[in-house]
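Enquirer: Quick note: the sequence shown uses the working numbering, first residue 4, plus one each step. Encoded as structure tokens, here's the structure I'll be asking about.
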Amino acid sequence: MTDRLEQWVAAIEADGFVVSTDGCDQAMVDSILACSRTRITQVMEALGDREIGIGSAAGYDEIVQRSPGRWDLPISPQEFGVDERDFPWWPLVQRILGEDVEHSFSGVVYSDPDTPAQEWHIDSPHEAAEHLPAHAMNVMVALQDVSLDMGPTEFARGSHRLTNHLRNPALVREKLVYQHESTSPAMLAGGVDEAVPESYVSEFPAGAFVAFDDRVMHRGLANRSGEKRYMGYFSYRKKGYAENTHFEASRSLFAEIGQARL
Ligand SMILES: O=C(O)CCC(=O)C(=O)O
Ligand SMILES: [Fe+2]
């Protein structure tokens, strides 16, 4: 148990992410997926044929389109009916972000069949020119067996050390955080004496999770399967970290159609 935790901590520090199949049991996966599907039906019905652009600023409080056909619906731990302290990654986020770690977001991100990959990005920017420990982490958990065809999340190993726009003048904060076609692991090596971070991609059995430092470069891959791909996510921040590039919507879909939230 302790060994496993130490390995996870070391992987987060060295690689910026860690994948584990010691995740949620099937009952937990089923319950999170059932709750997600209920919410998706409700929100998609409310959305109807309204136009929604790409990115959080263009979205609603209840739904953001992260890339074409990739939908993010926030769902709180209470709504999921979970206590985050029961998750196997809880000791890990406490070790990395502190005993007083705070919950920042949670929900489901799902991609429709035949939808493209995202552009490479980071979830939040570096805070200082020197390499500090992580200020935020994200955990994504597979809510079904996710095959390579379904487009799991791809990571650039060790890139959390290279995405520092305060240290490398060739990097632009906005192009790192908001998906931009010019952003890639290769660009992180340009101008600095570093190797291009290698790509990591693997299938995820249901219940497996990946925990990552918000500053590591990653992207959801194309869904080439005939099925929707569902991942639950739980994100965390150091106490006092207040930046938010993740949910920037300023309108509520349910308020717009005059419907009370769940
Ligand atoms: O869908 C995925 O696999 C990753 C999604 C993601 O990284 C994001 O929307 O920020
Ligand atoms: Fe992301």
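The C-beta atom is built at its ideal place from N, Cα and C for all residues, glycine as well.
When you measure from the CB of Gly110 to every non-hydrogen atom of ligand 1, does any distance come out below 6 Å?
Expert: No - ligand 1 has no heavy atom lying nearer than 6 Å to the Cβ of Gly110.
Enquirer: Cβ-heavy atom distance between Asp126 and ligand 2 below 6 Å?
Expert: The answer is yes for Asp126.
Enquirer: With a cut-off of 8 Å, do at least 3 Cβ pairs link the stretch 99 to 111 to the stretch 62 to 82?
Expert: The answer is yes - the stretch 62 to 82 touches the stretch 99 to 111, with three or more Cβ pairs under 8 Å.
Enquirer: For Phe250, which residues in the same chain have their Cβ closer than 6 Å to its Cβ, ignoring the five residues on either side in sequence?
Expert: Ser59.
Enquirer: If you measure between the beta carbons of Glu102 and Ser150, is that distance less than 7 Å?
Expert: Against a cut-off of 7 Å, the Cβ pair of Ser150 and Glu102 comes out as no contact.
Enquirer: Looking only at C-alpha atoms, which of Leu179, Gly62, Leu95 sits nearest to Thr5?
Expert: Nearest option by C-alpha distance: Leu95.
Enquirer: When you measure from the CB of Arg69 to every non-hydrogen atom of ligand 1, does any distance come out below 6 Å?
Expert: The answer is yes for Arg69.
Enquirer: Does at least one heavy atom of ligand 4 sit under 6 Å from the Cβ of Thr156?
Expert: For the structure depicted, ligand 4 is absent and the ligand set comprises only ligand 1 and ligand 2.
Enquirer: Tell me which residue opens and which closes the beta strand (DSSP E) that Arg240 is part of.
Expert: Residues 232 to 240.
Enquirer: Which ranges would you report for the alpha helix (DSSP H) in the stretch 133 to 208 if only whole runs of at least 4 residues count?
Expert: Listed in chain order, the complete alpha helix (DSSP H) runs (minimum 4 residues) inside the stretch 133 to 208 are 176 to 180, 188 to 192.
Enquirer: Quick check on the DSSP output: what are the complete beta strand (DSSP E) runs of length 3 or more inside the stretch 55 to 92, in order along the chain?
Expert: Whole beta strand (DSSP E) segments, 3+ residues: 67 to 70, 73 to 77.
Enquirer: Three or more C-beta pairs under 8 Å: does that hold for the stretch 213 to 221 against the stretch 27 to 43?
Expert: These segments do not touch.
Enquirer: Report yes if the C-beta distance between Asp148 and Ala209 is below 7 Å; otherwise report no.
Expert: It is a contact, given that the beta carbons lie within the stated cut-off.
Enquirer: Across which residues does DSSP place Arg42 in a beta bridge pair?
Expert: For Arg42, which the question treats as bridged, DSSP gives no partner whatsoever.
Enquirer: By alpha-carbon positions, which one of Asp52, Val46, Glu82 ends up nearest to Ile66?
Expert: It is Val46 whose Cα lies nearest to the Cα of Ile66.
Enquirer: Pick from Phe212, Ser127, Asp25, Ile43: whose alpha carbon is nearest that of Lys178?
Expert: Among Phe212, Ser127, Asp25, Ile43, the Cα nearest to that of Lys178 belongs to Ser127.
Enquirer: Rounded C-beta distance between Val199 and Ala189? I'm assuming under 8 Å.
Expert: Their Cβ separation, rounded to whole angstroms, is 5 Å, which keeps Val199 and Ala189 in contact under 8 Å.
Enquirer: Under 8 Å Cβ to Cβ from Phe158, same chain only, skipping five residues before and after it: list those, please.
Expert: Correct list, in chain order: Asp18, Gly19, Phe20, Ser202, Tyr203, Val204, Val213, Phe215, Val219, Met220, His221.
Enquirer: What separation, rounded to the nearest whole angstrom, lies between the Cα atoms of Val92 and Ala211?
Expert: Checking the displayed sequence, the identity of residue 92 turns out to be Trp instead of Val. Cα to Cα, Trp92 sits roughly 11 Å from Ala211.
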